[in-house]
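Novice: Be aware that the sequence shown starts at 0, since it is given in numbering that gives the first Met the number 0, and climbs by one per residue. For each residue, glycine too, the CB sits at the ideal point set by N, CA and C. Can you read through this structure? Questions will come right after.
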Amino acid sequence: MSSAERVVFEHVTKRYPGTGAGNPGAVEDLSLEVPAGKVCVLVGPSGCGKTTSLKMVNRLIEPTSGRILIGDTDVGRRDVIELRRRIGYVIQQVGLFPHQTVGENVATVPRLLGWDVGRQRARADELLDLVGLDPASYAARYPSALSGGERQRVGVARALAADPPVLLMDEPFGAVDPIVRERLQNELLKLQERLAKTILFVTHDIDEAIKMGDLVAVMQLGGHLAQYATPDEILARPANDFVGRFVGADRGLKRLALVRVGSVDLQPVTTAMVGGDAAEARRRAAEDDFPYVLVVDERNRPLEWCRDDAIPAEGTVAATNGLPAAPIFDRHTTLKDALSMLLASDVQAGIVVDDARAVRGLVTADMIGDRIRASAETAAVSSGAT
Ligand SMILES: Nc1ncnc2c1ncn2[C@@H]1O[C@H](COP(=O)(O)OP(=O)(O)OP(=O)(O)O)[C@@H](O)[C@H]1O
Ligand SMILES: [Mg+2]
Numbered sequence: 000m001s002s003a004e005r006v007v008f009e010h011v012t013k014r015y016p017g018t019g020a021g022n023p024g025a026v027e028d029l030s031l032e033v034p035a036g037k038v039c040v041l042v043g044p045s046g047c048g049k050t051t052s053l054k055m056v057n058r059l060i061e062p063t064s065g066r067i068l069i070g071d072t073d074v075g076r077r078d079v080i081e082l083r084r085r086i087g088y089v090i091q092q093v094g095l096f097p098h099q100t101v102g103e104n105v106a107t108v109p110r111l112l113g114w115d116v117g118r119q120r121a122r123a124d125e126l127l128d129l130v131g132l133d134p135a136s137y138a139a140r141y142p143s144a145l146s147g148g149e150r151q152r153v154g155v156a157r158a159l160a161a162d163p164p165v166l167l168m169d170e171p172f173g174a175v176d177p178i179v180r181e182r183l184q185n186e187l188l189k190l191q192e193r194l195a196k197t198i199l200f201v202t203h204d205i206d207e208a209i210k211m212g213d214l215v216a217v218m219q220l221g222g223h224l225a226q227y228a229t230p231d232e233i234l235a236r237p238a239n240d241f242v243g244r245f246v247g248a249d250r251g252l253k254r255l256a257l258v259r260v261g262s263v264d265l266q267p268v269t270t271a272m273v274g275g276d277a278a279e280a281r282r283r284a285a286e287d288d289f290p291y292v293l294v295v296d297e298r299n300r301p302l303e304w305c306r307d308d309a310i311p312a313e314g315t316v317a318a319t320n321g322l323p324a325a326p327i328f329d330r331h332t333t334l335k336d337a338l339s340m341l342l343a344s345d346v347q348a349g350i351v352v353d354d355a356r357a358v359r360g361l362v363t364a365d366m367i368g369d370r371i372r373a374s375a376e377t378a379a380v381s382s383g384a385t
C-alpha cells in the first residue's frame, strides 16, 4: 500500500473568465491543510466552490493564483496525466463507462499503467471484494445491470485501483436513497480504518459532513472558508453566524452523535443480586433518590428493574415482577442513539454494560439533557466573545 500524503491549499483563488475584479471568485484565498490519512469534508451551500476546490487538486481546473501541494510537491508542476493516475476521483454520477464491464471499469487505471491482463483482473477482483461486491457475480456485468448503490461501490473500487495516496470524492452518495447512503457511509468509514487514505469529500449535507469528517471545512458563497475544524468544534463553537445557521439550531443534538457512552461519567446504580437478602437490598435501595433497583445475576449482569417498594420486606431478592432491564448500552453507543432509546423506555435510565455484559452504571436522560445545555452555553459564551 502506498502511504497517504497530506494535501495543502495555499492561498488558492479561482476566478472564472467573466468574473471581474468586483465579482466574487468561485474560490477565494483558500488555505487549509489536510493531514495525511485524514478525511476532510468540504461542506457548504450550492455554488460555494466545493467542486471547484476539488478539481483544482487533480487539475481538472487550474487555479487563478495560489498553489496546492500533495506531500511537498506542487501539483502545478506535476505532469497532469501522471498526477491524475495518482489521485482517485469519485463523482456523484459515478461516470462508469457503460460499454465496459464492472471488472474492466475497475481496472481502468491499471490498464493505463500497462499492467498485464492477469494482474489487472486480480486487482479488480481484490477491489470488488474490498467494497463488498462478489467478483464472481459482478465483474462480468455491465453498469446498467447494477443498482445505484452498487454503481457507487464500483466507482469507489475504481478510484482505489492504483492505490492512490489521495482520494477525491464529490458528493459520492448524493444520488442514492437515505438507507443505502447510510450503509455506503459506514462502509467507507470501515474501509478508511484500514486504508487510511487522505480523502477530500464534498457534500452539502452537514450531517454527512459531521459523520464522515475528521475535519470539516465549511465554505460560504464566494468560495470563502468560514471555518475549518473538527466536527465537534464546529458544533460546539460555530465561528460565525453563517456557520451557526448552517449547522442548525439542533446542533446540540447533533453533537450527541459524536459522543459515545464510553467517554461519559456514569451514574452509579444500586443493584440487588438475585437470591440475596431482600431486607438488606431494600435498605440500600432507600439510600438513593432513584426509585428502582437493578436486579442482577451472580455475575452482575442485569436481569430486570424492580421498584424500591416492590422488594419484599424479608426473604430473598427475586427477578419475577419487575420491568425489563432495558435499554442496554455499551461503550460504543452514541449519546444520540442513547437518548432516542431512553425516550421510548419506561425507566429513563440506560444500563451500561461492559464486554462481559456486567453492569457498569447508568446513563440517564437528565445527564444527556445537562450535556446539551452545557454545550449550548459554551456556544453562547464563545459567540458572545466574538
Ligand atoms: N465553468 C464555469 N464558468 C463560470 N463559472 C463557473 C464555472 N463552473 C462553476 N462556476 C461558478 O463557480 C461557483 C462555484 O461552483 P462549484 O461548482 O465549485 O460549486 P459547488 O460548491 O460545487 O456547488 P454544488 O453544491 O451546487 O455542486 C458557482 O457560482 C458556479 O456558478
Ligand atoms: Mg459541486
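Please work out which residues of its chain come closer than 6 Å, Cβ to Cβ, to R281, disregarding the five sequence neighbours upstream and downstream, and give them in chain order.
Specialist: Numbered from 1 along the sequence shown, position 282 holds the residue referred to as residue 281. Within the same chain, R281 has close Cβ partners I310.
Novice: Closest by CA to P171, which one among A160, A156, P164?
Specialist: Here residue 171 corresponds to residue number 172 of the sequence shown, with the count starting at 1. Answer by Cα proximity: A156.
Novice: Rounded C-beta distance between P301 and V352? I'm assuming under 8 Å.
Specialist: Against the sequence shown, residue 301 aligns to sequence position 302. Against the sequence shown, residue 352 aligns to sequence position 353. P301 to V352, Cβ: 7 Å. Contact.
Novice: Can at least three beta-carbon pairs, one atom from the segment 83 to 94 and one from the segment 21 to 37, be found at a separation below 8 Å?
Specialist: With a cut-off of 8 Å, the segment 21 to 37 and the segment 83 to 94 do not count as touching, because too few Cβ pairs lie within range.
Novice: Looking only at its chain, what residues have a beta carbon closer than 6 Å to the beta carbon of H223, apart from the 5 residues adjacent to it on each side?
Specialist: Here residue 223 is taken as the residue at index 224 of the sequence shown, counted from 1. Around H223: E27.
Novice: Could you have a look at G154 and say whether DSSP puts it in helix, strand or coil?
Specialist: Start at 1 with the first residue of the sequence shown, and residue 154 comes out as number 155. In the structure shown, G154 sits in a helix (DSSP, three-state: H, G or I).
Novice: Could you tell me the distance, in whole angstroms, from the CA atom of A123 to the CA atom of I69?
Specialist: What you label residue 123 is simply residue 124 of the sequence shown in a count that begins at 1. What you label residue 69 is simply residue 70 of the sequence shown in a count that begins at 1. When rounded, the distance between both Cα atoms is 26 Å.
Novice: Skipping 5 residues on each side, what residues in its chain have a beta carbon closer than 8 Å to that of M366?
Specialist: The residue you call residue 366 lines up with position 367 of the sequence shown. So the list reads V263, Q266, once near-sequence residues are dropped.
Novice: Starting from the C-beta of G212, find all residues in its chain whose C-beta is less than 6 Å away, skip the five residues before and the five after it, and write them out in chain order.
Specialist: Counted from its first residue, the sequence shown places residue 212 at position 213. V38, V40, P230, listed in sequence order.
Novice: Would you decide whether T385 is buried or exposed? Buried here means 16 or more other CB atoms lie within 10 Å of its CB.
Specialist: What you label residue 385 is simply residue 386 of the sequence shown in a count that begins at 1. Since pLDDT at T385 reaches only 38, below the 50 mark, its modelled position is unreliable, and the value read off the structure follows with that caveat. It is exposed - the Cβ of T385 has fewer than 16 other Cβ atoms within 10 Å.
Novice: Answer yes or no: do T50 and D133 have a C-beta to C-beta separation smaller than 8 Å?
Specialist: Numbered from 1 along the sequence shown, position 51 holds the residue referred to as residue 50. Numbered from 1 along the sequence shown, position 134 holds the residue referred to as residue 133. Result no, Cβ atoms of T50 and D133 do not sit closer than 8 Å.
Novice: If you draw a straight line from the C-alpha of S52 to the C-alpha of V6, how long is it?
Specialist: Position 53 of the sequence shown, counting from 1, holds the residue named residue 52. Position 7 of the sequence shown, counting from 1, holds the residue named residue 6. Straight-line Cα distance between these residues: approximately 12 Å.
Novice: Could you name the residues that DSSP lists as bridge partners for F8?
Specialist: Counted from its first residue, the sequence shown places residue 8 at position 9. Looking at the DSSP assignment, F8 forms a beta bridge with L31, I67.
Novice: Take Y141 and list the residues in its own chain whose beta-carbon comes closer than 8 Å to its own, dropping the five residues that flank it on each side.
Specialist: Working through the sequence shown from its first residue, we reach residue 141 at position 142. Excluding residues within five positions, the ones whose Cβ falls inside 8 Å are P97, H98, Q99, T100, V101.
Novice: Given the structure, does H223 come close to ligand 1, in the sense that its CB is under 7 Å from one of the ligand's heavy atoms?
Specialist: As a first step, residue 223 must be located in the sequence shown, where it is residue number 224. Checking the Cβ of H223 against ligand 1 gives no.
Novice: Quick test of your reading: A3 and P164, contact by CB under 8 Å. State the CB separation rounded to the nearest angstrom.
Specialist: One-based indexing of the sequence shown puts residue 3 at position 4. One-based indexing of the sequence shown puts residue 164 at position 165. Right, their Cβ atoms sit about 5 Å apart.
Novice: Within 10 Å of its beta-carbon, does E303 have 16 or more other beta-carbons around it, so buried, or fewer, so exposed?
Specialist: Along the sequence shown, one-based indexing puts residue 303 at 304. So E303 counts as buried.
Novice: For a test of your reading of the model: does the CB of V358 fall under 7 Å from any non-hydrogen atom of ligand 2? Yes or no.
Specialist: For the purposes of this step, residue 358 is taken as residue 359 along the sequence shown, with counting starting at 1. Flag unset: Cβ of V358 not near ligand 2.
Novice: In this structure, how does DSSP classify R182 when only helix, strand and coil are distinguished?
Specialist: Numbered from its first residue, the sequence shown carries residue 182 at position 183. It is helical.
Novice: Which residues in the same chain as A312 place their Cβ atom closer than 8 Å to its Cβ, once the five residues preceding and following it in sequence are excluded?
Specialist: Your numbering for residue 312 matches position 313 in the sequence shown. Excluding residues within five positions, the ones whose Cβ falls inside 8 Å are A277, A278, R281.
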